Amino acid sequence: MTATPTTQTSETSPAKTSEIVDQQNVEAEPEGAISVLRRGLGHSEVLRRGLGVTVGMGLATAVARLTVPVLIQRAIDRDPLPDGGFDVNYATWMAVAAAGLIIFANTMLWATQRRLVVRSEQAIADLRSEAFAKVHQMSVADHNETRRGALVARVTADADTLARFAQWGLFIWTMNPPIMLGTLLIITWYSWPLALVLVAVYAPIIPWFRWLQRRQLVAYDRHRTAVSDMLGQFSESLMGAAVVRAYGLQQHSRRKITHTITSRYRAQLVANKYMSGVFISGDILGAVATLAALGVGTIFRAELGLNAGELVAILFLISLLNNPVGQLGEVLDRTQTAVSGWRKILSLLDHPLDVIEPVEGVPLPDGALSIEARNVCFAYRDGDQVLNDVSITIPAGTNVAIVGETGSGKTTFAKLLARLADPTAGQILIGDRSLESVSPQSRFTSIRMVPQDGFLFNTSIRENVRFGAPNATDTEIDDAFSQLGLDWWVKQLPHGLDDVVGERGESLSVGERQLVALARAALADPGLLILDEATSSVDPETDQALTAALRLLAEGRTMVSVAHRLATAEAAELVLVFDRGRLVEHGHHRDLVNAGGRYSDLHQAWLGNTR
C-alpha cells in the first residue's frame with residue numbers, strides 16, 4: 010500500500026445556494042424568445058414532427074374564415090340584378106357556401122387545436138421526464154450547489170407554464186398570423202388607400218409591443234426565479250418541520266417564507282403591469298381601426314370606388330383582424346411566461362454533466378473488488394480543493410475504515426468511489442478498471458453505497474429492499490434479512506416486511522432505517538460496499554444489530570466505512586486517516602495508535618469523549 014500526501018490546502022464547505030440552472034443574470038436581458046424557441050424545438054422531436062401539417066391545417070382554417078366576407082360582398086354587390094329585383098337564388102347559394110365554409114373552418118379549427126394540444130402535451134411530458142432524468146445524472150457537486158426547490162420547479166412549475174401555453178398559446182400563434190396577413194391583403198385588394206389607413210393605425214403597435222415584450226421577458230424571468238426560491242423555501246421548511254417546532258423557530262421560518270412569497274408576488278405584479286399594457290393597447294387600436302375604416306369608407310366611398318358590399322366586407326374583415334389583435338395581449342403574456350419557464354428547463358437540460366457515462370463500458374469482475382487511487386484531487390466549483398493528491402492501493406476483500414475530522418474529505422473520497430462525482434484530477438481504479446470506463450449497469454450492481462440517513466421511499470420495507478435488485482423475489486428478500494441475522498427484528502414488525510415506512514422512512518427509527526438499507530445493499534451482493542457513517546446516531550440495541558449485520562455483510566467483499574466513532578476503525582483491517590483533504594496516514598489501528606501521529610490524537614480524543 011502507498012500513500013503520497015502533498016501540499017496542504019484548506020477545505021471549504023461544499024454547500025452552495027447558487028443555482029446552476031439560473032446561470033443568467035436576471036438583471037440583464039435574458040436570452041431572446043426566438044433563440045429559446047429554436048433550442049426548445051431541438052429538444053422536442055414530437056413538436057417538430059408534423060409541424061408543417063399543423064401549420065397547413067391552420068392556413069386552411071384561415072382561408073375559410075377570410076372567404077366568408079368575400080361571399081357576403083358578392084351577394085350584396087350582385088350586378089345586374091334580374092328584372093330590377095333581388096336575386097334570391099344567388100343570395101341563397103352565397104349563404105349556403107358561406108355556411109359550408111363556416112362549418113369547414115370550425116371543423117378544421119377543432120382538428121388543428123386537438124392536434125396541437127395532443128402533440129404539445131406529449132412534448133411536455135417528454136420534457137418533464139428528460140429534466141427529471143438529468144437531475145439524477147448530475148454529480149454530487151451539482152446537487153451541493155443547487156437548491157432542491159430550483160430543481161423541483163424545473164419539472165413542476167416551469168413545466169406547468171409550458172402546459173398552459175400549449176393548450177392555447179400555440180394554437181393562437183398558428184391561427185392568428187395568417188388571418189392577420191390575409192385580412193390586410195384582401196382589404197388591400199378592395200381598397201389600397203383604406204388598407205394604408207389601417208396600417209397607419211396599427212403601425213405604432215409594433216415598436217410599442219416590442220418595447221413591452223423585452224421588459225416582459227425580463228419580468229417573467231425574475232418571476233420564474235422567485236417561484237423557484239419560494240418552492241425551495243417551502244421544501245426546506247417542510248423537511249425541517251421537526252427542528253422548527255423543537256427550537257421554536259416558527260416566527261423565523263414564517264418570516265423567510267413570507268419574504269419569498271412577497272418577492273414572488275411583487276415579481277408577478279411587475280409582469281402583469283406589462284401584460285395589461287399590451288392587452289389594453291390591442292383593444293384600443295382595434296376600436297380606432299374600426300372607426301377609421303367606417304368613417305373614411307363612408308365619407309370617401311365614391312372617391313375610393315367602394316361599393317356597399319365591399320365596405321361591408323372590409324368592416325367584417327376588420328372585425329376578424331381585431332380579434333387576434335385583442336388576443337395579442339393574453340397570448341404574449343402566456344408566451345413570455347412559457348419562454349421564461351422553457352429557458353430555465355433548457356438551462357438544466359443543457360447543463361454539462363461532470364460524470365459522463367461510457368458508450369460501451371467494461372464490466373467489473375465478480376467477487377470482492379480492489380481499489381486504487383492515483384493522485385486523486387477534487388474541488389467543488391466555488392471552493393478550495395477538498396481532496397489533494399490522494400494515492401492508495403487497497404487489496405480486494407479488505408475491511409477499510411476512513412477517519413478524520415469533519416471537513417477532512419473522507420466522505421467526498423467515499424462518494425468518488427461510488428462515482429457520484431469524478432475526480433478533478435487523478436484516477437480511481439476499481440477491480441483494476443478505470444472507474445470512468447466501467448459500464449453504469451455493472452457499477453450499479455457491483456458497487457453499493459449506504460448513505461448516513463438510510464433514505465427510504467414511502468412504500469413497504471419489502472419494496473424498499475427490492476430497489477437493491479428489482480427482479481428479486483420475496484423469498485430472496487426474506488433471505489437477505491436472514492443472512493444478516495435480522496429475523497428477530499422482522500418478527501417484531503406488525504406486518505413484517507409489508508409494513509409501510511412513510512415518507513423518508515419516518516415511521517422507523519434511524520437505526521431501523523439503516524437495517525433496511527443494509528438489507529437492500531446485501532440483496533444486490535456487491536463486490537464493493539461503501540458505508541457512510543452507517544452506525545452513527547443509533548441506540549445501543551440497534552448498534553449491536555448493525556455491528557453484527559455489518560460483520561456478516563463484510564464477508565467475501567471489500568467494505569469501506571466512513572467512521573466518526575473509532576470503534577469501527579478498531580475492527581477494520583486498514584485505516585485511512587484524512588486531514589484537510591490529504592491522506593496523512595494509513596495502516597492498522599494498533600500500529601497507528603503506537604505511531605503517535607494524527608490518528609493517535611483522534612483516538613485519544615475519542616477515548617476521552619467516551620469515558
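Letter 241 of the sequence shown, counting from 1, is numbered 250 in the working numbering, and no numbers are missing.
Don't be surprised by glycine CBs; every beta carbon is placed ideally from N, CA and C.
Here the structure is a predicted model, which means the values were calculated and not measured.
Are there 16 or more other CB atoms within 10 angstroms of the CB of I308, so buried, or fewer, so exposed?
exposed
Can you grab the Cα-Cα spacing for the pair D600 / G565, in whole Å?
25 Å
Classify N98 as helix, strand or coil using the three-state DSSP reduction.
helix
Measuring only the C-alpha atoms, how far is R124 from T183?
12 Å
Contact set for W351: own chain, Cβ-Cβ below 7 Å, skip 5 residues either direction:
V45, G49, L171
Would DSSP call I641 helix, strand or coil?
Nothing can be reported for residue 641: it is not among the residues displayed for the chain, which extend from 10 to 620.
Smallest Cα separation from N480: which of T454, F490, T269?
T454
Note down the Cα distance separating Q450 from D230, rounded to an integer number of angstroms.
39 Å
What's the gap between the Cα of V35 and the Cα of S237?
Below a pLDDT of 50, predicted positions are generally treated as unreliable, and V35, at 39, falls in that range; the measurement from the model is reported next regardless. Looking at the two C-alpha atoms, the distance is approximately 13 Å.
Does the Cβ-Cβ distance between A530 and Q492 come in under 8 Å?
no
Residues in the same chain with beta-carbon distance under 7 Å from W217, minus the five sequence neighbours each way, listed in chain order, please.
S290
Beta-carbon proximity list for L362, same chain, < 6 Å, skipping 5 on both sides
Q146
Does any residue of chain B have a CB that is nearer than 8 Å to the CB of D363?
Absent from the structure is chain B; it holds one protein chain and no more.
Quick one: using the 10 Å Cβ neighbour count with 16 as the cut-off for buried, is H504 buried or exposed?
exposed
Within 8 Å, do at least three Cβ pairs link the segment 557 to 571 to the segment 499 to 516?
no
Using a threshold of 8 Å, state whether the C-beta atoms of L56 and S129 are closer than that.
yes
Ordered along the chain, which non-local residues of its own chain (more than five positions away) have a Cβ less than 8 Å from that of G191?
A71, V72, L75
Sort R224, R442, L326 by Cα distance to V197 and report the nearest one.
Strictly speaking, residue 197 in this sequence is Thr, with Val absent from that position. T197 has its Cα closest to that of L326, out of R224, R442, L326.
In this structure, does DSSP put G442 in helix, strand or coil?
First, the amino acid is wrong: residue 442 is Arg here, not Gly. Correct three-state label for R442: strand.
Among Q436, L524, I456, which residue has its Cα nearest to the Cα of V474?
L524
Closest by CA to C386, which one among S417, S379, D610, V395?
V395
Please determine, among R223, V253, V297, the residue with the shortest C-alpha to C-alpha distance to M284.
R223
Buried versus exposed call for E521 [16 or more other C-beta atoms within 10 Å across all chains shown]:
buried
Cβ pair count under 8 Å reaching 3, the segment 394 to 413 against the segment 198 to 210
no
Where I539 falls, given that 16 or more other Cβ within 10 Å makes a residue buried
buried
Suppose you measure from the CA of I81 to the CA of S328; what does that come to, to the nearest Å?
14 Å
Hey, how far is the Cα of I293 from the Cα of L337?
12 Å
For P367, count neighbouring C-beta atoms within 10 Å of its own C-beta (all shown protein chains included) and say buried if the count is 16 or more, exposed if not.
exposed
Relative to the C-alpha of V459, which candidate in T468, V519, T402, V62 has its C-alpha closest?
V519
Let me confirm a value: P213 is counted as buried when at least 16 other C-beta atoms fall within 10 Å, else exposed. Which label applies?
exposed
Taking buried to mean at least 16 other C-beta atoms within 10 Å of its own C-beta, is R471 buried or exposed?
buried
Let me confirm a value: S22 is counted as buried when at least 16 other C-beta atoms fall within 10 Å, else exposed. Which label applies?
For S22, the predicted structure reports a pLDDT of 34, less than 50, and the residue's modelled location is therefore unreliable. The matter cannot be settled from this model.
Nonlocal neighbours in the same chain, by C-beta distance under 8 Å from R137, ignoring five residues either side
V164, A168
How close, in whole Å, do the beta carbons of K143 and L355 come, if the pair is a contact with beta carbons under 8 Å?
No, K143 and L355 are not in contact; Cβ-Cβ is about 11 Å, not under 8 Å.
Report the rounded CA-to-CA distance for A634 versus A134, giving the unit in angstroms.
Because the chain is modelled from 10 through 620, residue 634 falls outside the range shown and cannot be assessed.
Does DSSP put F466 in a helix, a strand or coil?
coil
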